[in-house]
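To keep things clear, I will list the structure first and then write my remarks on it.
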Amino acid sequence: MKIVIIGGGPCGLGAAWRTEEIRRQGNTSVDWTVVEQSLDAGGLARTVVDDKGFLWDMGGHVIFSHYAYFSRLLDYLLPNSTDWNNKIREAWVWMRGTFIPYPLQQNLHRLPKQEIIACIDGLLENERRRQTFSKPVTFADWMDQSFGRGLCDVFMRPYNFKVWAYTADKMNVEWMGERVATVNVSRVVQNVILAQDEVGWGPNNTFRFPMKGGTGAIWTRLAQVLPQEKFQFSKKVTKIDVVKKIITYSDGSSESYDAIVSTMPMDCLCQVVEGTTKIPRHDLLEKAKQFRYSSSHILGFGLDGQPPEHLATKCWMYFPEDDCPFYRATLFSNYSPYHVPKPGEQWSLMCEVAESPDKPVDIDNIIAITEQGLRNAKLINDDTKILSRFHIRLEYGYPTPFFGRDQLCGPLFEEFEAHNIYSRGRFGSWKYEVSNQDHSMMLGVEAIDRIVFGTEELTLKYPDVVNAKRDNVGREPSLPPNQNR
0 MKIVIIGGGP CGLGAAWRTE EIRRQGNTSV DWTVVEQSLD AGGLARTVVD DKGFLWDMGG
60 HVIFSHYAYF SRLLDYLLPN STDWNNKIRE AWVWMRGTFI PYPLQQNLHR LPKQEIIACI
120 DGLLENERRR QTFSKPVTFA DWMDQSFGRG LCDVFMRPYN FKVWAYTADK MNVEWMGERV
180 ATVNVSRVVQ NVILAQDEVG WGPNNTFRFP MKGGTGAIWT RLAQVLPQEK FQFSKKVTKI
240 DVVKKIITYS DGSSESYDAI VSTMPMDCLC QVVEGTTKIP RHDLLEKAKQ FRYSSSHILG
300 FGLDGQPPEH LATKCWMYFP EDDCPFYRAT LFSNYSPYHV PKPGEQWSLM CEVAESPDKP
360 VDIDNIIAIT EQGLRNAKLI NDDTKILSRF HIRLEYGYPT PFFGRDQLCG PLFEEFEAHN
420 IYSRGRFGSW KYEVSNQDHS MMLGVEAIDR IVFGTEELTL KYPDVVNAKR DNVGREPSLP
480 PNQNR
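Take the sequence shown: its position 433, counting from 1, is numbered 432 in numbering that gives the first Met the number 0, and each next residue is one higher.
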């Protein structure tokens with residue numbers, strides 16, 4: 000069985016690792032190759048070094064695991080205690096001229112009094128009306144029923160538009176799971192009366208991060224321990240003939256396959272597949288136009304000196320207001336001192352700006368606009384010496400969980416899988432709810448198990464079940480006997 004894996008990001012590398020693991024266990028009839036259009040592996044989890052020596056991840060990634068398999072593999076790839084920096088998360092919201100601990104709804108006492116009243120009024124009104132609520136249909140419905148008018152006006156609507164670049168009424172409710180902190184009204188009121196902070200909510204309140212090389216160090220290392228002859232870089236898929244089972248590439252070459260694990264965006268896959276029967280090609284092309292996603296602008300600022308005292312221990316910060324274009328800023332040098340060329344003498348801030356047809360971005364001036372936003376949010380001032388300015392636009396940043404997503408994707412999954420094409424990964428599955436690095440890698444692992452052994456794919460089918468797990472459960476990978484690096 001020849002399996003062609005399209006894409007060398009976490010999902011594709013997970014598929015490659017699992018196939019090689021099966022081969023090590025004696026099933027050498029299964030073979031694989033990875034085809035990647037970029038020059039190297041990593042995908043959206045890669046790390047870039049700019050021309051001044053500062054490191055930048057392609058997004059505010061942190062390492063958090065729902066799977067023993069994933070955690071054990073990380074320990075194999077980076078086995079030394081000095082390979083990791085263990086962090087206690089400090090997440091904050093900057094608004095109304097102050098920092099508020101995340102999640103905002105548990106720390107309302109830091110808002111202006113009139114907004115506190117509006118937020119609590121909205122929560123109490125919801126409690127009075129709860130029995131009359133119908134099942135939420137859109138994310139907007141869910142927000143209104145969960146947070147009330149006050150909190151939605153103050154934070155939820157403006158922040159989520161900055162993040163998603165689409166209004167909440169265009170999004171579904173299936174994606175959320177544990178990703179959005181809900182409200183305990185009694186605790187909200189108690190925290191306001193006592194003027195006390197509540198911190199630490201969420202699945203990633205502690206995390207670890209590679210000491211050197213950024214997030215990309217994980218995936219670079221995984222690619223290195225796999226057979227190098229099985230990787231084909233700088234190759235872009237232009238056609239998949241499902242009748243002849245042949246993939247054609249932009250350089251004119253082609254190869255046959257028995258099964259495909261595709262991590263390319265699902266709308267792109269629809270454009271290159273030919274020969275399907277239940278969904279003809281013209282219908283695939285029409286369906287490709289219905290997908291919604293946001294592009295990401297990653298902006299990095301390498302800075303002289305050390306962060307000011309009010310930022311010294313922060314990890315990342317959220318920004319709902321219009322005085323800055325970014326929805327999140329990461330104090331990236333806090334993840335590791337080696338993310339700057341001169342540790343102890345420099346620091347760095349990484350910002351993320353979302354773009355979509357509904358939320359255009361002034362690309363020509365985005366660096367200057369972001370820099371002014373950093374000043375508006377008191378992250379830097381006029382005396383801060385900026386040593387490096389970095390900007391990259393990622394066309395595919397985040398898959399939008401748009402309203403009607405599952406109804407669109409379900410028949411496509413069935414059609415592709417009928418032809419032994421398994422669309423997986425952040426954009427291959429188009430499920431934001433399972434698009435972290437651990438999810439993405441395990442989507443690849445589980446796809447291979449399904450192809451070879453016919454087992455069920457838990458991550459794809461049961462996101463809520465998977466997200467309720469922690470990394471002390473599940474099977475472990477079969478590691479090579481020699482773990483020396």
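Beta carbons are placed, not taken as given, at the ideal position from N, Cα and C, and that holds for glycine.
Bounding residues of the beta strand (DSSP E) (the contiguous stretch that carries residue i)
i, result
"ARG109", "Element bounds for ARG109: n/a, residue is neither H nor E."
"TRP83", "83–87"
"GLU351", "345–354"
"TRP141", "Note, TRP141: premise wrong, no beta strand (DSSP E); alpha helix (DSSP H) at 138–150."
"SER70", "Premise fails: SER70 lies in the alpha helix (DSSP H), 67–76, not in any beta strand (DSSP E)."
"TRP174", "From DSSP, TRP174 is part of no beta strand (DSSP E); its letter is neither H nor E."
"ASP303", "292–303"
Close beta carbons around residue i, own chain, < 7 Å, minus the five adjacent residues each side
i, result
"LYS169", "PHE401 and PHE402"
"GLN482", "In this predicted model, GLN482 has a pLDDT of only 47, less than 50, meaning its place in the structure is not dependable enough to derive any value."
"ARG280", "GLU273"
"HIS60", "ALA44, THR214 and GLN436"
"ALA167", "THR137, PHE138, ALA139, MET142, ARG156 and ASN159"
Beta-carbon proximity list for residue i, same chain, < 6 Å, skipping 5 on both sides
i, result
"GLY274", "ASP240, VAL241 and VAL242"
"ARG484", "With a pLDDT of 35 at ARG484, under the threshold of 50, the modelled position of that residue is not reliable, and no figure is offered here."
"TRP429", "MET265, PRO398 and CYS408"
"LYS358", "ALA164"
"GLY396", "SER293, SER294 and SER295"
"SER185", "none"
"CYS269", "LEU283, LYS286 and ALA287"
"GLU456", "GLU445 and ARG449"
Where residue i sits in the DSSP three-state scheme
i, result
"ILE420", "strand"
"THR97", "strand"
"TRP163", "helix"
"GLY13", "helix"
"SER536", "Absent from the structure is residue 536, since the part of the chain shown begins at 0 and ends at 484."
"TYR256", "coil"
"ARG484", "Residue placement at ARG484 is flagged as unreliable, the pLDDT there being 35, under the threshold of 50; a coordinate-derived value is accordingly withheld."
"THR458", "helix"
"GLN270", "helix"
"THR46", "strand"
"GLU228", "helix"
"ILE379", "coil"
"HIS338", "helix"
"PRO400", "coil"
"THR27", "coil"
"THR131", "helix"
Where the alpha helix (DSSP H) containing residue i begins and where it ends
i, result
"GLN223", "215–224"
"ILE278", "Careful: ILE278 lies outside any alpha helix (DSSP H) and carries neither H nor E."
"ASP448", "436–452"
"ILE239", "Looking at the DSSP string, ILE239 is not in any alpha helix (DSSP H); the run it does join, the beta strand (DSSP E), is 236–240."
"SER185", "184–193"
"PHE426", "425–428"
Inter-residue spacing [alpha-carbon to alpha-carbon] between residue i and residue j
i, j, result
"ARG469", "HIS65", "4 Å"
"ARG95", "GLN305", "25 Å"
"ASP152", "LEU103", "13 Å"
"LYS384", "SER295", "26 Å"
"ALA194", "VAL236", "57 Å"
"VAL48", "ARG22", "35 Å"
"PHE69", "MET57", "20 Å"
"ASP322", "PHE98", "15 Å"
"ILE278", "LYS244", "17 Å"
"HIS108", "ALA417", "55 Å"
"ILE62", "ILE217", "10 Å"
"TRP174", "GLY427", "15 Å"
"PRO356", "PRO336", "38 Å"
"PHE53", "LEU478", "33 Å"
"HIS338", "LYS51", "11 Å"
"VAL34", "GLY6", "6 Å"
"GLN144", "GLU354", "27 Å"
"THR329", "GLU351", "9 Å"
"ASP363", "GLU320", "22 Å"
"LEU411", "VAL271", "13 Å"
Cβ shell of residue i (< 8 Å), same chain only, five flanking positions each side left out
i, result
"ILE87", "ASN204 and THR205"
"VAL172", "PRO135, VAL136, THR137, PHE138, ASP140 and TRP141"
"HIS309", "PHE98 and LYS377"
Open item on the list: Does the contact criterion of 3 or more C-beta pairs under 8 Å hold for the region 227–235 versus the region 151–166?
Closed with: no
Task: Any 3 or more C-beta pairs closer than 8 Å across the region 114–128 and the region 338–352 - done: no
Task: Segment contact flag, the region 8–18 with the region 441–449, C-beta cutoff 8 Å, min 3 pairs - done: yes
Task: Touching by the beta-carbon criterion (3+ pairs, under 8 Å), the region 297–317 and the region 370–389 - done: yes
TODO: Check whether the region 360–373 touches the region 243–262, taking contact to mean three or more Cβ pairs, one atom from each stretch, closer than 8 Å.
DONE: Contact fails: fewer than three Cβ-Cβ distances are below 8 Å.
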